[in-house]
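So in UniProt numbering, spot 170 of the sequence shown is number 170, and the numbers just go up one at a time. To start, the structure itself, in structure tokens.
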Amino acid sequence: MAGHSKWANIKHRKAAQDAKRGKIFTKLIREITVSARQGGGDPETNPRLRAAIDKALSNNMKRDTIDTAVKRGSGELEGENVEELTYEGYGPSGVAILLECMTDNRNRTVSEVRHAFNKFNGNLGTDGSVAYLFNKRGVISYGSETSEETILEPAIEAGADDVLNHGDGHIDVFTSPEVFGAVKDALDATGAEATNAEVTMVPDTKVDLDEDGARTFLKLLDALEDLDDVQNAYHNADISDDVLASLDE
């Protein structure tokens, strides 16, 4: 894994933009609904639903809104009929991109995804073209105010796979998706406050981008994440803080 700042900087930048656009609640509700439909409405026995609810709460979604989404997914209330799709492709400089989509019209979705790739020097690939580069893992991140001693033992005892100290004061705890909730509960009990916690797709390798490559890639990422049917856009781009700062100037 790259250092924490390189792992989280693009995601935090995008999360802030999504919040401003008002899109994040729609995508979170859809994830909760589908998770409940597939695995049942009890977050204690449905790790995917638990992770979706935790993410919704961290984004200040009201509990009533969450409960309604769960009921729609579990069949207690009528809900939209959507299917899950995965698309894979390459962005500028060979960056691998993996998209998780939820849609009620797959023809519309693939058309919009292909258009975004083509517009910003990318290519929509075939099934399996980049998925092998990613692994689904839980990631719980901490800033410099949290010491490794505080979280190391509770994390391992709760079933974490690894605790990675990046040497710059930032720490990432990695888990399997199945024990993500239990590990997060154990770490929350220590009083340590995570800067980010989610089940995500972690790339095995990274592609370093210079300023020009980063500029085009982020335009592509913006275009993909702006699509209503795109739930998550994972990638293996590595953009340094200095390059990101130069783009924001």
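Here a beta-carbon is modelled for each residue, glycine too, at the ideal position from N, C-alpha and C.
Bounding residues of the alpha helix (DSSP H) (the contiguous stretch that carries residue i)
| i | result |
| --- | --- |
| V243 | D241 to D248 |
| T150 | E148 to A158 |
Local conformation of residue i per DSSP, three classes
| i | result |
| --- | --- |
| S141 | strand |
| H23 | First, the amino acid is wrong: residue 23 is Lys here, not His. K23 falls in the coil class under three-state DSSP. |
| F174 | strand |
| F120 | coil |
| H12 | Per-residue confidence for H12 stands at a pLDDT of 49, beneath the threshold of 50, marking its modelled position as unreliable; the derived number appears in the next sentence. Three-state DSSP puts H12 in a helix. |
| G111 | Inspection of the sequence shows that residue 111 is occupied by Ser rather than by Gly. Helix. |
Residues near residue i in its chain [Cβ-Cβ closer than 6 Å; skip 5 each side]
| i | result |
| --- | --- |
| E112 | L227 |
| T109 | C101, T103 and D229 |
| L152 | V163 |
| K71 | L77 |
Close beta carbons around residue i, own chain, < 7 Å, minus the five adjacent residues each side
| i | result |
| --- | --- |
| G125 | E88, G89 and Y90 |
| F180 | P47, A51, G138 and V199 |
Residue i: first and last residue of the uninterrupted beta strand (DSSP E) it sits in
| i | result |
| --- | --- |
| V230 | V230 to H235 |
Spatial neighbours of residue i in its chain, beta-carbon cut-off 8 Å, leaving aside the 5 residues before and after
| i | result |
| --- | --- |
| I156 | V163 |
| E211 | V243, S246 and L247 |
For residue i: DSSP bridge partner residues
| i | result |
| --- | --- |
| V163 | V173 |
| D238 | D208 |
| N135 | V202 |
CB contact check: residue i to chain D, cutoff 8 Å
| i | result |
| --- | --- |
| P43 | The structure shown has no chain D; it contains just one protein chain. |
Original post:
In the stretch 176-226, which residue ranges form an unbroken beta strand (DSSP E) of at least 3 residues, counting only runs that do not cross its ends?
Top reply: The qualifying runs are 196-203.
Original post:
Can you list, in chain order, the stretches of the alpha helix (DSSP H) that have 4 or more residues and sit fully within the stretch 32-104?
Top reply: Every unbroken stretch of the alpha helix (DSSP H) spanning 4 or more residues and falling wholly within the stretch 32-104 is given here in chain order: 47-58 and 63-74.
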